[in-house]
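Trainee: Please see the structure below; I have some questions.
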Amino acid sequence: MLKMMYFICMQKRDLIIVIFLSLLIVIFATQNAQTVAVQLWIVKFNSPLSLVIIGSLVLGALISWLSLLVELRKRKKNLAKKNQELKHLKDELTAKDSFDIDI
């Protein structure tokens with residue numbers, strides 16, 4: 163019961179945080195509505211400053227998330243390899259123990 167109440171409180175807290183951050187984004191967007199020229203290589207376009215900043219933030223977060231996924235995949239692969247090696251060594255040790263003769 164206590165665990166369920168904790169979970170519900172965490173959901174409410176998360177909802178409050180999302181609402182607060184959404185409100186900050188809306189305020190930021192309305193305060194930075196002026197248009198700026200953006201040039202990427204040969205492409206040039208005009209966009210609201212807030213959209214450029216938020217887009218850059220989202221793109222940076224996406225790149226960070228993808229690099230994290232690559233690192234986690236490498237670690238998972240390495241862990242599987244180490245677990246396989248550990249199993250092999252345990253089997254080897256068990257086989258050696260079964261050949262020991264008590265004197």
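163 is the number of the first residue of the sequence shown in our numbering; add one for each residue after it. For each residue, glycine too, the CB sits at the ideal point set by N, CA and C. Owing to the predicted nature of the structure, the values given are computational and were not obtained by experimental measurement.
Using the C-alpha atoms, what's the distance from serine 209 back to leucine 202?
Mentor: Residue numbering aside, residue 202 sits at position 40 when the sequence shown is read from its first letter. Residue numbering aside, residue 209 sits at position 47 when the sequence shown is read from its first letter. If you take the alpha carbons of leucine 202 and serine 209, they lie about 13 Å apart.
Trainee: Does the pairing of the stretch 246-260 with the stretch 213-230 give three or more beta-carbon distances under 8 Å?
Mentor: Cβ pair count under 8 Å is below three, so no.
Trainee: According to DSSP, simplified to helix, strand and coil, what is glutamine 196?
Mentor: Your numbering for residue 196 matches position 34 in the sequence shown. Residue state, collapsed to three classes: coil.
Trainee: Would you mind giving the Cβ-Cβ distance between glutamine 196 and leucine 177, rounded to the nearest angstrom? I have them listed as a contact below 8 Å.
Mentor: Against the sequence shown, residue 196 aligns to sequence position 34. Against the sequence shown, residue 177 aligns to sequence position 15. Going by Cβ atoms, the distance from glutamine 196 to leucine 177 rounds to 32 Å, so no, they are not a contact pair.
Trainee: Is it true that the CB of phenylalanine 207 sits closer than 8 Å to the CB of valine 200?
Mentor: In the sequence shown, the residue the question calls residue 200 occupies position 38. In the sequence shown, the residue the question calls residue 207 occupies position 45. Cβ atoms of valine 200 and phenylalanine 207: closer than 8 Å.
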